[in-house]
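Each residue of the sequence shown is one higher than the last, beginning at 1 in UniProt numbering.
Where a beta carbon is used, it is the ideal one built from N, C-alpha and C, also for glycine.
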Amino acid sequence: MAMLRGYLYVDLIEADNLPDCDTAFFNIDPKDTSDAFAQIKIGSSVICKTAVINNDLSPKWQESHRIPVCHKADELQIQVLDKDHFSAGTLGEVSIRPEDLLDGETLEGWYPLSGCDGRINITLNYVPKEAIEATFEVPDCYFPLREGCGVTLYQDAQCPAIPFFEGVPTATGEPYEPPCAWKDLYYALTNAQRFIYITGWSVYTDITLVRVEGEEEEEGAGETVGELLKRKAEEGVRVLVMVWNEKMSTGVTAGFMGTHDEETRAYFEDSEVHVAVVPRVKLLEGVAAFFQDQFSQTCYTHHQKTVILDCPPADDEELPRIQAFVGGLDITDGRYDTPEHELFRTLHSLHQGDFYNGVTTTTCDEGPRQPWHDIHCHVSGPIAQDIMDNFTERWRRQVSDQESVLLPISEEEFLIDTPIVCDEAEAWSVQLFRSITSDSALFNFDRIHAIPKRKGKYVDDSIHRAYIHHIRRADSFIFVENQYFLGSAYSWNDEQSTKAHHLIPQEITQRIVEKINAGEHFVAYIVVPMFPEGDPTSAPVQEILHWQHRTMEMMYAGIAEAIEANELDTHPRDYLTFFCLGKGECPEDIPEDLPSPEPETPASVLREKARLMIYVHSKMMIVDDDYIIVGSANINQRSMGGTRDTEIAVGAFQPMQTREVCGEPRGGVFQFRMALWGEHLGGLEEVFYNPGSLDCVRAVNEFADANWQAYAADEPCRIDSHLLAYPVSVGQDGSVTSLEGSENFPRHRSSCTGMPKLPS
């Protein structure tokens, strides 16, 4: 079995002399012949598909595909299929030995199809990852790397200077002053003079961005997002808001996801704010098109979260610039939080009117609230124009009847490509990535050559390719925080047909194995929620946990095999380690004026135990302390596939603060990672400066293991740091089983390793 890790470059050109197998619906259309498309499979994974050519026994696809691969393969199957109304039947196929590709030779020409008298014309070339330059810029993307940008990285919505951050290093040696995302967003919105463009999964008009406690006063405190946007629109600012249309949400019903989309539409009706509530449509033809479109609108979302707006000219500049916020930036209920992640204390102050708990049944008077951890960033300079281009491409596709409301942007009125003026050591280079198809964006024809096709549609899957590219070039460690972590199902021990075939977990595994074989240490730190939001006993949550468990099993098995092969005295958790976040409080932390919940209710249990998971909503990866990806994309097939949820992300680094330039990066990415670790670990230690070392990963695991034991204990106690070891047991052989004594999540009768979906 050969290992293919790199890119496959494939031309699926045409087929000839295919059989006519189209007898669907009893030949209801007498002119109907085979509707052919081609696909390539490695094992259970379909890695590309062409468009369907209707009623043609000699179809010409003329499609080129660039496909990332990280697969152990016995063969590649190139199949030609007949697309019926609701299924597809195989017309013929050809098998390619992967060994024939490893020498770099191009396979091309006509190949006979087994099972019929037809043939297919293809070109196939494999480029191993070693032949691809390990640059900071991800190659072959719609958006290029932009130099001379400004970047601010944020943890959580509000970030006061608390003891967690003592010791976070700064360039000046002064104490670290963490930036505050929602407060910065408020002031940016307030100062906008020309335009405000917002994309969101949810934008809730009743949310306040600036909040104070007690008798404190601050500009913006108490003004809601809805009031602010109306005020700016009345001042003459062009305000466009584009949110996802949750299909189950109507003017009468609230829907399942709590997006407030219909409330947002109604709030801005008859105002100067332009609101577009847009479904995730799937543009198709044929009998099945309606059903597939309805499925897409119901099950998939517009998940991009951006705010793009103008900012006043800097002191030494004459023209305004464009700036943007991106990340897990849901401007909706429950998202406002600080690194302290209070459970009860802020119910009647900072969270008055913004109570949220998506885990259990309780109230704003009883508590606790659900803590929320997230990552965001602000960008300025040339990259901001790219984020604006994403908005306008979506608006022109999805709100084409209102294209005229888009504000013309010209270099005569704005600084667009001009780099930010700053010290060279502080400048950032940034690249924009997306998951989106031509169903949702009207792509620029001059750039469209960089976007691959699938099933005849243009699919920008550059977020997936960015993760792959930077995992492959990682030298010492990666640090991931994400709301989900599951994938590479084609490599699982079982259930390999599960539709979660993106490469990221397998790429991380292979990078670790490469380093072990080279005699070098490498660590992947993965932070996820304790369980997905919702009732952890429910079938959907248990199924996701089961898939996450399958992903862990696959990764640890590969690492254990490499440890054994190299006869090392190490453990799989020395290279790969999973965490979740939790908050534990003491009874004296609970305000005395809160009413007592009814006995033997979920709220009473949580009041007694005074602890709850901190929900991880982050979508971030840090590589070697010199590169960071921040965006809206989860590490699952929905976000990474490119054809399901729409997503956006930026990748950023400082050219003068890279491992190649200064050996040990000590720039903005390093500082942000240390601030996050300060939050998660309750402070900083010297060993955290070198996260790729064996000493560091063992120290972090020791912290997290102790924290889990405290969190899972019966008696309530204050837990000063939030990082918990994920409750599974990893064996020396890589096996992943339930942790003894923690088979179920504390205070929930639900398996930590999940349950597969039962056959219906």
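### Query
Who are the near neighbours of PHE165 in its chain, counting only those whose CB is closer than 7 Å to its CB and skipping five residues on each side?
Here the question's residue 165 lines up with position 165 in the sequence shown. Excluding positions up to five away in sequence, the list reads TYR176, PRO178, ALA675, GLY678.
### Query
For residue 765, which beta-bridge partners are listed by DSSP?
There is simply no residue 765 to check, as the chain begins at 1 and stops at 760 in what is shown.
### Query
If we count the other Cβ atoms within 10 Å of its Cβ and call it buried at 16 or more, is THR172 buried or exposed?
Taking the sequence shown and counting its residues from 1, the one referred to as residue 172 is at position 172. That one is exposed.
### Query
Relative to the C-alpha of ASP333, which residue among GLU317, ALA324, LEU576, CYS364 is closest?
Reading the sequence shown from its first residue, position 333 is the one you call residue 333. Looking only at GLU317, ALA324, LEU576, CYS364, the smallest Cα-Cα distance to ASP333 is reached by CYS364.
### Task
Mark ILE622 as exposed unless 16 or more other C-beta atoms lie within 10 angstroms of its C-beta, in which case mark it buried.
For the purposes of this step, residue 622 is taken as residue 622 along the sequence shown, with counting starting at 1. Buried, by the Cβ-count rule.
### Message
Suppose the cutoff is 8 Å on Cβ atoms and the five residues either side in sequence are ignored; what does the same chain contact list for PHE26 look like?
### Response
Residue 26 sits at position 26 when you count from the first residue of the sequence shown. Per-residue confidence for PHE26 stands at a pLDDT of 47, beneath the threshold of 50, marking its modelled position as unreliable; no derived number is given.
### Task
May I ask you to report which of helix, strand or coil DSSP gives LEU407?
Numbered from its first residue, the sequence shown carries residue 407 at position 407. LEU407 falls in the coil class under three-state DSSP.
#### Entry: Cβ distance (whole Å) where ILE508 is taken to contact MET554 below 8 Å
Here residue 508 corresponds to residue number 508 of the sequence shown, with the count starting at 1. Here residue 554 corresponds to residue number 554 of the sequence shown, with the count starting at 1. Contact doesn't hold; Cβ gap of about 11 Å is too wide.
### Query
Can you tell which of PRO746, ALA603, ARG511, LEU594 has its C-alpha closest to the C-alpha of TYR575?
The count along the sequence shown starts at 1 and reaches residue 575 at position 575. TYR575 has its Cα closest to that of ARG511, out of PRO746, ALA603, ARG511, LEU594.
### Proximal residues to LEU107 (C-beta, below 6 Å), its chain only, five neighbours per side dropped
Here residue 107 refers to the residue found at position 107 when the sequence shown is read from its first residue. Shown here for LEU107: same chain residues with a beta carbon closer than 6 Å to its own, the five before and five after excluded, namely LEU124 in chain order.
### Query
Is CYS422 buried or exposed, if buried means 16 or more other CB atoms sit within 10 Å of its CB?
The residue given as residue 422 occupies position 422 in the sequence shown. Flag for CYS422 reads exposed.
### Message
Please classify ILE420 as buried or exposed, where buried requires at least 16 neighbouring CB atoms within 10 angstroms.
### Response
Position 420 of the sequence shown, counting from 1, holds the residue named residue 420. Buried, since its Cβ has 16 or more Cβ neighbours within 10 Å.
### Query
Mapping DSSP to helix, strand and coil, what is HIS65?
The sequence position of residue 65 within the sequence shown is 65, counting from 1. HIS65: strand per DSSP, three-state reduction.
### Own chain residues within Cβ distance below 6 Å of TRP244, not counting five before or after
Numbered from 1 along the sequence shown, position 244 holds the residue referred to as residue 244. Cβ within range, chain order: TRP201, THR301, HIS302.
### Element boundaries [beta strand (DSSP E), containing ILE47]
Counting from one through the sequence shown, the residue named residue 47 turns up at place 47. Here the beta strand (DSSP E) through ILE47 covers 45-49.
### Query
What residue does the beta strand (DSSP E) around residue 769 start on, and which one ends it?
Within the shown structure, residues of the chain are numbered from 1 to 760, placing residue 769 beyond reach of any answer.
### Query
First and last residue of the alpha helix (DSSP H) that includes VAL541?
Residue mapping note: residue 541 aligns to position 541 of the sequence shown, counting from 1. Residues 539-565.
#### Entry: Rounded C-alpha distance that separates LYS129 from ARG5
The count along the sequence shown starts at 1 and reaches residue 129 at position 129. The count along the sequence shown starts at 1 and reaches residue 5 at position 5. Taking the straight line from one Cα to the other gives about 6 Å.
### Task
Can you check the region 604-677 for any alpha helix (DSSP H) of at least 4 residues that lies completely inside it and give the ranges in chain order?
637-640, 659-662
### Proximity winner among VAL46, GLN39, PRO727, relative to GLN496 (alpha-carbon distances)
One-based indexing of the sequence shown puts residue 496 at position 496. Selected option, being the one with the closest Cα: VAL46.
### Query
Of the residues ALA425, TRP372, TYR187, ILE463, which one's Cα is nearest the Cα of GLU647?
Here residue 647 refers to the residue found at position 647 when the sequence shown is read from its first residue. When only C-alpha atoms are compared, the closest one is ILE463.
### Task
Specify the secondary structure class of LEU169 as computed by DSSP and reduced to three states.
Numbered from its first residue, the sequence shown carries residue 169 at position 169. Going by the sequence as given, residue 169 is Pro instead of Leu. Residue state, collapsed to three classes: coil.
### Query
Count the other CB atoms within 10 Å of the CB of ILE383; is the residue buried (16 or more) or exposed (fewer)?
The residue you call residue 383 lines up with position 383 of the sequence shown. Counting Cβ neighbours within 10 Å, ILE383 comes out buried, since at least 16 surround it.
### Query
Residue ranges of each alpha helix (DSSP H) run of no fewer than 4 residues wholly in the region 455-518, ordered along the chain?
Runs of the alpha helix (DSSP H) spanning 4 or more residues and lying entirely within the region 455-518 occur at 462-473, 504-517, in chain order.
### Query
Once you ignore the five residues that flank ILE28 on each side, which residues in its own chain have a CB closer than 7 Å to its CB?
In the sequence shown, counting from the first residue as 1, residue 28 sits at position 28. With a pLDDT of only 49 at ILE28, under the threshold of 50, the placement of this residue in the model should not be trusted; the figure read from the coordinates follows. Around ILE28: no qualifying Cβ.
### Message
Only counting the same chain, and skipping five residues up and downstream in sequence, which positions put a Cβ closer than 7 Å to that of ASP16?
### Response
Along the sequence shown, read from residue 1 onward, the residue named residue 16 stands at position 16. So the list reads SER58, GLY118, ARG119, once near-sequence residues are dropped.
### Validate contact between the region 231-238 and the region 349-369 using beta carbons, cut 8 Å, 3 pairs
Under the three-pair Cβ rule at 8 Å, the region 231-238 does not count as touching the region 349-369.
#### Entry: Range of the contiguous alpha helix (DSSP H) that encloses LEU228
Mapped onto the sequence shown, residue 228 falls at position 228. Taken as a continuous stretch (DSSP letters only), the alpha helix (DSSP H) holding LEU228 covers 225-234.
### Task
Whole angstroms is fine: what's the gap from LEU606's alpha carbon to GLU585's?
Within the sequence shown, the letter at position 606 stands for residue 606. Within the sequence shown, the letter at position 585 stands for residue 585. C-alpha separation (whole angstroms): 11 Å.
### Query
Between the Cα of ILE13 and the Cα atoms of VAL52, MET1, MET3, which residue gives the shortest distance?
If you number the sequence shown from 1, residue 13 lands on position 13. Out of VAL52, MET1, MET3, VAL52 has the C-alpha closest to the C-alpha of ILE13.
### Message
Considering only DSSP beta bridges, list what GLN431 is partnered with.
### Response
The sequence position of residue 431 within the sequence shown is 431, counting from 1. DSSP, once it has assigned bridges, lists GLY651 as partnering GLN431.
### Identified DSSP bridge partners for TRP708
Locating residue 708 in the sequence shown gives position 708, where the first residue counts as 1. None; TRP708 has no bridge partner.
### Query
Smallest Cα separation from LEU503: which of SER400, PRO529, ARG472?
Within the sequence shown, residue 503 is the residue found at index 503, counting from 1. Here the closest residue by C-alpha is ARG472.
### Task
Whole angstroms is fine: what's the gap from LEU185's alpha carbon to CYS159's?
Sequence index remark: in the sequence shown, residue 185 carries index 185 (1-based). Sequence index remark: in the sequence shown, residue 159 carries index 159 (1-based). Answer to the nearest angstrom: the Cα atoms are 13 Å apart.
### Contact under 7 Å by Cβ, PHE143 with LEU347
Reading the sequence shown from its first residue, position 143 is the one you call residue 143. Reading the sequence shown from its first residue, position 347 is the one you call residue 347. No; because the gap between Cβ atoms is not below 7 Å, this pair is not in contact.
### Message
For MET3, report the span of its beta strand (DSSP E) as first-last.
### Response
Along the sequence shown, one-based indexing puts residue 3 at 3. Segment 2-16, the beta strand (DSSP E) holding MET3.
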